[in-house]
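**Q** Residue numbers (our numbering), protein chains in the order written: chain A, 392 to 739; chain B, 392 to 739.
Note that beta-carbon positions come from the ideal geometry of N, C-alpha and C, so glycine has one too.
The structure displayed is predicted, hence computed values, not measured ones.
Below you will find the structure I want to go over with you.
Protein chains: 2
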Amino acid sequence: MKATVYHGARDVRLESVDDPVLREPTDAIVRVTRAAICGSDLWFYRGITQWDPGDRTGHEFVGIVEEAGKSVSSVAPGDLVIAPFVWSDGTCEFCKKGLQTSCVHGGNWGDDRNGAQAEAVRVPQADGTLVKAAPEIVHGSPHLHASAAALCDVMPTGHHGVVSAQTQRGGTVAIVGDGAVGLCAVLSAARVVGAERVIAIGHNPKRLARAREFGATHAFDSHEPGIAEEILELTRGGSPAVVEAVGNQESMDLAAEIARPGGTVAFVGAPNAIDKAPLRPAFVKNVALRGALAPARSYIDELMRHVVEGSIDPSRVFDLTLPLDRVTDGYEAMDRRRAIKVLLEVSN
Amino acid sequence: MKATVYHGARDVRLESVDDPVLREPTDAIVRVTRAAICGSDLWFYRGITQWDPGDRTGHEFVGIVEEAGKSVSSVAPGDLVIAPFVWSDGTCEFCKKGLQTSCVHGGNWGDDRNGAQAEAVRVPQADGTLVKAAPEIVHGSPHLHASAAALCDVMPTGHHGVVSAQTQRGGTVAIVGDGAVGLCAVLSAARVVGAERVIAIGHNPKRLARAREFGATHAFDSHEPGIAEEILELTRGGSPAVVEAVGNQESMDLAAEIARPGGTVAFVGAPNAIDKAPLRPAFVKNVALRGALAPARSYIDELMRHVVEGSIDPSRVFDLTLPLDRVTDGYEAMDRRRAIKVLLEVSN
C-alpha cells in the first residue's frame, strides 16, 4: 500500500510499504477513506521535534474495517469507523473516566510504523478505540464524511478546551487562536456547550469572520494594541473560562491576562513554544492553567450526534482537500499558511 | 508606637512611628497582641523582591479593637479579632464567592505604611476583614492565642492548597514542602478535609517527623533518589491532588511528575523562583496547575472551630516566640533556617 513516510525536516514522501496485518486478537485493519494533516504535524515537519527517518505520519483517519481480530466485538468488516488520535483499551481506570489519552494500554499512531496518512492502518485495541459512524454519515454526503474526519482530533480538541476551561451554558468564554482548533472551540462553545458570550481572538480577518459564522459574539484582532484591556472591560474583570489554542508565549500570556479571578485557562496545544508560563498572574488571581490534551474518544459519540443533527459543521475547518498522492503539497500548504487544515481523500 | 520598618536587604528595624488613626468610617484601629513573620517576608528580606526604604513590614496579626469607625458594625472596641493577610470589603462579587484576595476594594498590609509587625494597625474595610475570635480563644491559653495568629495566613494557606488541589475526603493528597505552609497543609488534609492517604515530602527529618504527628501517613525525603518513582508506585500512577508548598523549580517539577492524570497541582507560594513551569507533563496528563493565593478570610471561621474543638493545633508551626522588640532576631532566625516560623508577642 501507499503510506506517508518522514525523511527529515520538510521532507515527507508517499511511498510503497507493506500492507498492515493483524498482530493481536484485539487488532483491526482499517482501509482509510479520509485522513487529515494536523497543525501538530508541523512540529516534526519544521524540524522542531525530532523524528526518525522512516517514521510514518498522520493520526487522524476515518475508514472501513477490512478485517477484525477474533476478540474484537464492537466493529466488523464493512463498518465505517472514526478513529481518535490515540488508541486506548476502553477498560482501564482512565478510559472509564473519559481520559483515554492516559490509557494504560494506549499508544500513538505513527509509533511502530503505523501512520494514518496511508491507505490502511492497523488499529490496536479496536474495541476501545474505534467509533462506528452513524448511518446518516455512512449513507450521507462527502461533506458529512469530512465532518467525521474532523471528529478524530480537531473538533474534540476544541471542545475539550471549552469543557476543560469549565465554560458554562449561558456563560462567557474567551478563545485565543483562530486556527482550526480555535475555530472548533468557537463551534463547541456556541453550539454544543451553549455559552452566551463567545470571544474569539486571532490575527487573521478571514478566520475571525469564520469564527463569527461559527457563533463567536465578539472577535478581536490580537495585532491591535490594548485588546486585553478591552476584553477586561467587556467582561468587567476577565473571562471565567479561557481556551488557549495557539501554544506560544504571547497567546499564553494573553490568556492568563484576560482570565477572571478564580477562572481557568485550558491549553489545548503542545506547549512547545512557551518558555515561561504565567504563573504569577495565575497565583495572584487563583487561576488554573489546565493542560488539555483531548481524550477525543470520549467526545466522538456526542459530537457526531451534533454533526448528524446539523448543529455543528466541523468540515468547514478543512479549507483544502487533496488526494492522498498530493500529501506533500498538503504539508507545504499548511507550512506556508496557505491552508488552515488539509483533508486527504484516500478512497471511497 | 513601635513598628517594624524596612531599610534594605537584611535590614529591618523596630522604630518609633506615628500612631495609626481612623481615616474612613469603615476603618478600625487594632492594638496588636500577636504578630508573625511569614516565609514570604524573606523575599524582601533577602533582596529578591524590591521594597522602598520606610515601608512597614508584616501581614499577620491578632489584636484588640481600640476604636471603630462609625460605619463599622461587626466589631467593637474590646473585641479580640483575627486579621487575614489582605483586607477586603466583604461585599463585592469576589468576596461573596470566597475569593477575598481579589476583592475590588481590597489591599495589602504594608501598603501605605501600615504593617502588622507593630503595636497597632489601621484596618480598612473592618467589617469585611476582621473575624471576632471565639470566646474560647478570648478566655483561653496563650497556646490558643498563638493558634489564632496561625489563622491569619499560614493555616488558611495550607488549607487552601488542599482545597484547591481538590483533595477528597477519604482520598489521597501529596504535599511537597515541609515548611510551615506544608505542615499546615498536612494538618488540613488529615484533620479538616479527612484525606485517607497524606503523603508529605520534604528534606528535613525533624519537620517530616512533625508532618507525621500532624497526620501524614507517608513521609519522603526529597534528597533521596527515586522518590518520584516510589510515590508513583505507592499511588499506582500518581496522586490526584498535589499541593506545591515550596515555590521553586525542583518542587514544582516534582509536583507535576507525581500528579495523577486528570489531577490538580495547587501552588500556594509566590512562584518567584520557578523559571519554567512543567507545562508539558501537565498537558500530556491533563493536569491543572492551579494558582492558590489563599483567601484566608473565607476559611478563618471554619478553621477557628477546628482549633477550639482541638482537632487542629496550628500553633505548633511556631517554633520560636519572641517579643516584638526582638523582631530583627526573628527575621535572622528564619533567614538562617534556625526557625520554621516566628511568633511575635506584642502585648496581652
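Is the shortest distance between the beta-carbon of B:K488 and the beta-carbons of chain A less than 8 Å?
**A** yes
**Q** Could you pull out every residue in the same chain whose Cβ sits closer than 8 Å to the Cβ of B:R404, ignoring the five residues on either side in sequence?
**A** T395, V396, H398 and T719
**Q** Tell me which residues of the stretch 645-662 of chain B have at least one Cβ-Cβ distance to chain A shorter than 7 Å, keeping chain order.
**A** P652, G653, F658, A661 and P662
**Q** For A:L574 versus A:V708, is the C-beta distance shorter than 8 Å?
**A** yes
**Q** Residues of chain B with CB under 8 Å from A:A679, in chain order?
**A** T655, A679, L680, R681 and G682
**Q** Determine whether the Cβ of A:F674 lies closer than 8 Å to any Cβ atom of chain B.
**A** yes
**Q** Going along chain B, which residues have a C-beta under 8 Å from A:F485?
**A** P652 and G653
**Q** Indicate whether A:Q640 and A:A664 have their beta-carbon atoms separated by less than 8 Å.
**A** yes
**Q** Verify whether the separation of the beta carbon atoms of A:K393 and A:L684 is less than 8 Å.
**A** no
**Q** Could one say the Cβ of A:T558 lies closer than 8 Å to chain B's Cβ atoms, at least one of them?
**A** no
**Q** Under 7 Å Cβ-Cβ, which residues of chain B neighbour A:I665?
**A** L670
**Q** Contact between the stretch 514-531 of chain B and the stretch 438-450 of chain B: three or more CB pairs below 8 Å?
**A** no
**Q** Buried or exposed for A:D692, going by 16 or more other Cβ atoms inside 10 Å?
**A** exposed
**Q** Pull out every residue of the stretch 611-636 of chain A whose Cβ sits closer than 7 Å to any Cβ of chain B, in chain order.
**A** From the stretch 611-636 of chain A, no residue has a Cβ closer than 7 Å to chain B.
**Q** Here's the rule I'm using: 16 or more other beta-carbon atoms within 10 Å means buried, otherwise exposed. How should B:G469 be labelled?
**A** exposed
**Q** Name the DSSP bridge partner or partners of B:K523?
**A** B:V472
**Q** 8 Å is my cut-off, CB to CB: does B:T492 come that close to chain A?
**A** yes
**Q** Do you know offhand how far A:V466's Cα is from A:L521's?
**A** 8 Å
**Q** Between the Cα of B:F674 and the Cα atoms of A:K676, A:P669 and A:L680, which residue gives the shortest distance?
**A** A:L680
**Q** Can you give me the start and stop residues for the beta strand (DSSP E) that A:D612 sits inside?
**A** H609 to D612
**Q** Helix, strand or coil: how does DSSP classify B:H551 here?
**A** Here DSSP, grouped into helix, strand and coil, assigns B:H551 to helix.
**Q** Span of the beta strand (DSSP E) holding A:F658?
**A** A650 to F658
**Q** I'd like to know if the stretch 551-561 of chain B and the stretch 645-662 of chain B are in contact, where contact means that at least 3 CB-CB pairs between them fall below 8 Å.
**A** yes
**Q** Determine which residues share a DSSP beta bridge with B:N639 and list them.
**A** B:A664
**Q** Let me confirm a value: A:T440 is counted as buried when at least 16 other C-beta atoms fall within 10 Å, else exposed. Which label applies?
**A** exposed
**Q** On the CB-based measure, 16 or more other CB atoms within 10 Å of its CB, does B:T417 come out buried or exposed?
**A** Buried, since its Cβ has 16 or more Cβ neighbours within 10 Å.
**Q** Only counting the same chain, and skipping five residues up and downstream in sequence, which positions put a Cβ closer than 6 Å to that of A:C494?
**A** S479, D480, C483, F485 and C486
**Q** For the putative contact between A:A591 and A:A571, defined by C-beta atoms under 8 Å, what is the C-beta separation to the nearest angstrom?
**A** The C-beta distance from A:A591 to A:A571 rounds to 13 Å, too long to meet the 8 Å contact threshold.
**Q** For the stretch 584-598 of chain A against the stretch 532-547 of chain A, do three or more pairs of beta-carbon atoms, one drawn from each stretch, fall closer than 8 Å, so that the two count as touching?
**A** no
**Q** Could you give the DSSP three-state label for A:G568: helix, strand or coil?
**A** coil
**Q** Helix, strand or coil: which one does DSSP assign to B:D446?
**A** DSSP places B:D446 in coil when its eight states are reduced to three.
**Q** In whole angstroms, what is the alpha-carbon distance linking A:V453 and A:K732?
**A** 16 Å
**Q** For B:A668, which residues from the same chain have a beta carbon less than 7 Å from its beta carbon, with the 5 sequence-adjacent residues on both sides left out?
**A** M643 and L680
**Q** In or out: A:P686 buried (at least 16 other Cβ within 10 Å) or exposed?
**A** buried
**Q** Between the Cα of A:L542 and the Cα atoms of A:A427, A:V456, A:G653 and A:D569, which residue gives the shortest distance?
**A** A:A427
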